[in-house]
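Residue numbers 1 to 70, in full-length UniProt numbering, belong to the letters of the sequence shown in order.
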Amino acid sequence: MAKIYVNGDAQEVNLPLNVSELIKQNDVQQPDMVSVQVNEEFAEREDWNGLQLKEGDKVDFLYFMGGGTL
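Quick look at the structure:
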């Protein structure tokens, strides 16, 4: 088991693990609407399957929401 941090919370995961697999493990709703940062760098969606996570990585799932009018 390895420890990574997802949205600031520690998670124990089995490696190897890529970003796409992590999204599935975390039951991310609407994965097509999420952006991912790994160690504060944005990960391109087309790279998620090949981007292997490692011990201590910090992953953030970011959701961008539209606003209303003022």
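Glycine included, every Cβ here is placed at the ideal spot set by N, Cα and C.
- In terms of Cβ geometry, Val-19 and Ala-2 do not form a close pair [threshold 7 Å].
- In this structure Leu-53 does not touch Ser-35 by the C-beta definition: roughly 16 Å separates them, more than the 8 Å allowed.
- The criterion of a C-beta distance shorter than 7 Å is satisfied by Gln-37 and Asp-60.
- Within the same chain, Cβ atoms closer than 6 Å to the Cβ of Val-6 are found at Val-59, the five residues on either side in sequence being excluded.
- Taking 7 Å as the cut-off, the beta carbon of Pro-16 is found no closer than this to the beta carbon of Ile-23.
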